[in-house]
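Below you'll find the structure, written out as structure tokens, and then a few comments.
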Amino acid sequence: GLDSFVLAQLNKAYADAKATGDAKADTEWQPRLAKSLPKQPSPTRWIDWSNMIALAAVGAGLMLGLFTRLSALGGIGLLMMYYWAMPSLPWLPEAGPTEGHYLFINKNVIEALALAMIATSRVGRWGGLDGLLFRRRRIEAASR
5 GLDSFVLAQL NKAYADAKAT GDAKADTEWQ PRLAKSLPKQ PSPTRWIDWS NMIALAAVGA
65 GLMLGLFTRL SALGGIGLLM MYYWAMPSLP WLPEAGPTEG HYLFINKNVI EALALAMIAT
125 SRVGRWGGLD GLLFRRRRIE AASR
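In the numbering used here, the protein residues as written are 5 to 148.
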């Protein structure tokens, strides 16, 4: 569902399941190499955190119904980046363990299509915080 963005972010933040891995944790058995690694966060660490923040922002926006269209478009962007990082094309080798076997279309594409329906409809006007704000503006405009 739409809460998968927030759940994925929480999983990455609290279960320490990073998409790119932590070089220092992976090399603890090599003390000399671990000591020679830079003390500052690596670029992949910044990518991990920006991904987690984007997942949390998109998930919170969709669950609260705040900035619904913008959240849906952000979710589509994230899902398409995930798809093109590991596309399910038959002539490419499988890139590791996945939740099933796909032919061109995987779960990221399906979820992106669902978010496209949300982005192109006026679903934000019916419920959530966008709906409350829209009704308030409409009532204020009618009372003028």
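Note that beta-carbon positions come from the ideal geometry of N, C-alpha and C, so glycine has one too.
Tell me whether residue i sits in a helix, a strand or coil according to DSSP, three-state version.
i, result
"Leu107", "strand"
"Ser147", "helix"
"Arg142", "helix"
"Gly69", "coil"
"Leu136", "helix"
"Glu98", "coil"
How big is the Cα-Cα spacing for residue i and residue j?
i, j, result
"Tyr86", "Ala64", "19 angstroms"
"Asp52", "Arg140", "38 angstroms"
"Arg73", "Gly100", "33 angstroms"
"Gly81", "Ala145", "35 angstroms"
"Gly79", "Trp95", "27 angstroms"
"Glu103", "Ser125", "30 angstroms"
Using only CA atoms, which one of the options lies nearest to residue i?
i, options, result
"Ala123", "Asn55, Val62, Leu93, Pro97", "Val62"
Just to confirm my understanding: we take residue i, look at its own chain, exclude 5 residues before and 5 after, and list those with CB closer than 7 angstroms. What are they?
i, result
"Asp69", "According to the sequence as given, residue 69 is Gly; it is not Asp. So the list reads Gly128, Gly131, Gly132, Leu133, Asp134, Gly135, once near-sequence residues are dropped."
Whose C-beta lies closer than 6 angstroms to the C-beta of residue i among residues of the same chain, with five residues either side of it excluded?
i, result
"Leu83", "Asn112, Glu115, Ala116"
By Cβ distance, which residues of its chain are closer than 8 angstroms to residue i, with the 5 residues on each side in sequence left out?
i, result
"Ala120", "Ala76, Ile80"
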